[in-house]
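In our numbering, the protein residues as written are 31 to 225.
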């Protein structure tokens, strides 16, 4: 009987401790512990991806790194329905390589978790993100891709990015609509265990 009572007491204590780990204070402690271990790298053409990236950083305490093309995109460059626009021309290039300002992320090797954000262009990750991923070693990193799009699905865009580097542990990508809220982002982060 004493053994059963002891087991029951142990079970109650274990459940109580687990419940304490989900208090706001415990979440904040985990967030602070992750501050230097997580980073959100993103490219945003119109601001939608930037908003989601900032939400992720706010909710997780991750650092931010913006992927910037050497020559910024103009509104005319982004005219997807114009065959003479910059993105339409880049789409016809075999490697779709876009020159970037830099791929050097300060303290890259210190990060364990990387959130990679991008808009969807013709069912693919925006070309600046593909160029960034090609130049990085994701070894020993867990990668959570996310994208923004008004209508396109995430599709295999994340898998294609993973294929460019073949390093790191990549998870399935998450698509956010242009009007996604911070609550939508928080729900996803909870689903992947980031909070």
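No residue lacks a Cβ here, since even glycine has one placed at the ideal position from N, Cα and C.
Would you kindly check if the distance between the Cβ of residue j and the Cβ of residue i is under 9 Å?
i: residue 158; j: residue 73; result: yes
i: residue 90; j: residue 219; result: yes
Report the residue from the options whose alpha carbon sits nearest the alpha carbon of residue i.
i: residue 168; options: 77, 123, 139; result: 139
i: residue 75; options: 190, 147, 200, 183; result: 147
i: residue 77; options: 218, 217, 210, 163; result: 210
i: residue 177; options: 87, 164, 153; result: 153
i: residue 198; options: 170, 135, 133; result: 170
i: residue 108; options: 97, 71, 100, 120; result: 120
i: residue 136; options: 117, 67, 102; result: 67
i: residue 216; options: 102, 86, 105; result: 86
i: residue 195; options: 104, 105, 164; result: 164
i: residue 213; options: 203, 88, 175; result: 88
i: residue 93; options: 189, 70, 115; result: 70
i: residue 133; options: 141, 162, 82, 142; result: 162
i: residue 82; options: 183, 175, 189; result: 175
i: residue 141; options: 123, 166, 103; result: 166
On the premise that residue j lies in contact with residue i, defined as a C-beta separation below 8 Å, what is that separation, rounded to the nearest angstrom?
i: residue 128; j: residue 173; result: Not confirmed; about 20 Å, so no contact.
i: residue 205; j: residue 179; result: 6 Å
i: residue 187; j: residue 155; result: 5 Å
i: residue 160; j: residue 191; result: 7 Å
i: residue 99; j: residue 130; result: 6 Å
i: residue 151; j: residue 117; result: 6 Å
Who pairs with residue i in a beta bridge, going by DSSP?
i: residue 151; result: 154
i: residue 96; result: 72
i: residue 200; result: 173
i: residue 205; result: 177
i: residue 130; result: 99
i: residue 217; result: Paired residue(s): none; residue 217 is not in a bridge.
i: residue 143; result: 68, 172
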